[in-house]
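Counting with the working numbering, you get residues 8 to 72 for the letters of the sequence shown.
Every residue, glycine too, gets a C-beta built ideally from N, C-alpha and C.
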Amino acid sequence: MPKTKTNSGAKKRFHVTGSGRILRKKATHRHNMSAKSNTRKSNQVGKTEVADSDNHRISHLLGLK
């Protein structure tokens with residue numbers, strides 16, 4: 008049986024922690040930043056955990072399960 012290929016788009020967008028959680032970057036932080044308040048911009052910094060409903064699908068794309 009051949010090896011399964013990791014989805015190349017998914018491996019660029021998601022990060023798996025040591026404990027197995029899948030993290031993603033927050034949206035709306037690429038352009039048009041001058042129209043957004045400092046509070047709104049600072050809330051978008053960093054990574055957040057993927058929703059439980061998406062976890063199964065993304066783990067298959069990353070070849071985890």
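In the structure shown, histidine 22 adopts extended strand secondary structure according to DSSP, grouped into three states.
Boundaries around lysine 32 are those of the beta strand (DSSP E), 29-32, since no alpha helix (DSSP H) includes it. Pairing threonine 24 with glycine 70 gives a Cβ-Cβ distance that is not under 8 Å. In the DSSP assignment, threonine 55 falls within the unbroken beta strand (DSSP E) covering 54-56. The three-state secondary structure of methionine 8, taken from DSSP, is coil.
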